[in-house]
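Take a look at the structure set out below.
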Amino acid sequence: MDDKAARFRALHEGPGAFILPNPWDAGTARIFAALGFPALATTSAGMDFSRGVAEGTTSRADLLAHCASIVAATPLPVSADLEMGLGDSPESAGETIRAAAALGLAGGSLEDHTGRPDAPIYDFTLAVERIAAAAEARNALSGDFVLTARAENFLWGRPDLDDTIRRLQAFEAAGADVLYAPGLPDIEAVRTVCASVTRPVNVVVGIGKTRFTREELSAAGVRRISIGSSLARLAYGAVTRAAQTMRDEGRFDFVDGAMGFAEIEAFFTAFAAQPR
Numbered sequence: 000m001d002d003k004a005a006r007f008r009a010l011h012e013g014p015g016a017f018i019l020p021n022p023w024d025a026g027t028a029r030i031f032a033a034l035g036f037p038a039l040a041t042t043s044a045g046m047d048f049s050r051g052v053a054e055g056t057t058s059r060a061d062l063l064a065h066c067a068s069i070v071a072a073t074p075l076p077v078s079a080d081l082e083m084g085l086g087d088s089p090e091s092a093g094e095t096i097r098a099a100a101a102l103g104l105a106g107g108s109l110e111d112h113t114g115r116p117d118a119p120i121y122d123f124t125l126a127v128e129r130i131a132a133a134a135e136a137r138n139a140l141s142g143d144f145v146l147t148a149r150a151e152n153f154l155w156g157r158p159d160l161d162d163t164i165r166r167l168q169a170f171e172a173a174g175a176d177v178l179y180a181p182g183l184p185d186i187e188a189v190r191t192v193c194a195s196v197t198r199p200v201n202v203v204v205g206i207g208k209t210r211f212t213r214e215e216l217s218a219a220g221v222r223r224i225s226i227g228s229s230l231a232r233l234a235y236g237a238v239t240r241a242a243q244t245m246r247d248e249g250r251f252d253f254v255d256g257a258m259g260f261a262e263i264e265a266f267f268t269a270f271a272a273q274p275r
């Protein structure tokens, strides 16, 4: 765990931005690792879809079990989407980090989204206290752990850049290693966020209609690019459209674009003899 976490932290210190893909099962984890990505991150939405349930409805125990399965799939460092954690309190945030580290995760993110539609964002003070408690728990670990703090305003009907930056700055002061505000509307907002903090910034690609390239994000000051549920949604979209074509037209043209058995299995057999 220590070596993986150290390798993961070092990725944030290099020049430019690295891409952190988000597998949703062991198979996609091994594919991304075989393709040469240096680290992986879980996607809570992709996990939920693979279980056949709506986003945010998987139990905390099942979320942690899913994270453990991704950790076990490859030798790469894994950062987990820990959502709101194991509860609302600062104490539960600390418990979340201890539980995540015990699984062998190299890092994880905690968000200020409450999970409640009527009050989707934690009060500022409580949000900061949660990250402070998580940082305290990280500091007490025997090994390293990269703590990412998420400000969720733009995903929950609060497109307030000033408040988002205020929260990110407070999370930084509380001890977060990486800062993350999903759903920023344009590259100027990304640039403003990066200039407003001194810790590495993560940007997720695939939320909303705005598209950024790695070069654009690197130039804006971003150090880490994640994909969230985008690849999972791409896969589910391709399967759904193929099934609809079968049902409605009785056509099976999609098989021409299917990956062959040997090509798929080559991704998996590459890990058979590798140490974990």
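The numbering of the sequence shown is numbering that gives the first Met the number 0, which starts it at 0 and goes up by one. Where a beta carbon is used, it is the ideal one built from N, C-alpha and C, also for glycine. Source: prediction; values computed, not measured.
**Asked** Going straight from the alpha carbon of Pro74 to that of Asp117, what length do you get?
**Response** 41 Å
**Three or more C-beta pairs below 8 Å linking the stretch 14-24 and the stretch 43-54** = At 8 Å Cβ cutoff, the stretches touch.
**Prompt:** What are the start and end residues of the beta strand (DSSP E) that includes Asn201?
**Reply:** Val200 to Val203
**Message:** Pop quiz: Ala261 and Gly106 are said to be a contact at Cβ under 8 Å. What is the actual Cβ separation, rounded to whole angstroms?
**Reply:** Incorrect: roughly 35 Å between the Cβ atoms, too far for contact.
**Asked** Span of the alpha helix (DSSP H) holding Val238?
**Response** Ser229 to Glu248
**Item:** Assumed close pair Ile30, Phe266 - CB separation to whole angstroms, cut-off 8 Å
**Value:** 5 Å
**Request:** Quick one: using the 10 Å Cβ neighbour count with 16 as the cut-off for buried, is Asp161 buried or exposed?
**Result:** exposed
**Prompt:** The alpha helix (DSSP H) spanning Leu85 covers which residue range?
**Reply:** For Leu85, there is no enclosing alpha helix (DSSP H), since its DSSP letter is neither H nor E.
**Item:** Three-state secondary structure assigned by DSSP to Gly142
**Value:** coil
**Request:** Just the C-alpha distance for Ser217 and Gly182, rounded to the nearest angstrom, thanks.
**Result:** Those two C-alpha atoms are separated by around 17 Å.
**Prompt:** Between the stretch 136-145 and the stretch 112-128, do at least 3 Cβ pairs fall closer than 8 Å?
**Reply:** The stretch 112-128 and the stretch 136-145 do not touch, with fewer than three beta-carbon pairs separated by less than 8 Å.
**Request:** Could you check what DSSP says for Val196 in three-state terms: helix, strand or coil?
**Result:** coil
**Asked** Grouping DSSP H, G and I as helix and E and B as strand, with all else coil, what is Arg149?
**Response** Strand at Arg149.
**Prompt:** Where are the beta strand (DSSP E) runs, 3 residues long or more, that stay fully inside the stretch 0-43, in chain order?
**Reply:** 17-19
**Request:** Under the assumption that Phe123 contacts Arg157 (Cβ atoms under 8 Å), give the Cβ distance between them as a whole number of angstroms.
**Result:** Not quite, the Cβ-Cβ distance comes to about 12 Å (not below 8 Å), so this is no contact.
**Message:** Going by DSSP in three states, Leu178 sits in which element: helix, strand or coil?
**Reply:** strand
**Message:** Among Leu154, Gly259, Asp185 and Val177, whose alpha-carbon lies nearest the alpha-carbon of Val200?
**Reply:** It is Val177 whose Cα lies nearest to the Cα of Val200.
**Request:** Identify which residue in Ala169, Ala99 and Glu264 has its Cα closest to the Cα of Arg137.
**Result:** Comparing alpha-carbon positions, the option among Ala169, Ala99 and Glu264 lying closest to Arg137 turns out to be Ala99.
**Message:** According to DSSP, simplified to helix, strand and coil, what is Val77?
**Reply:** strand
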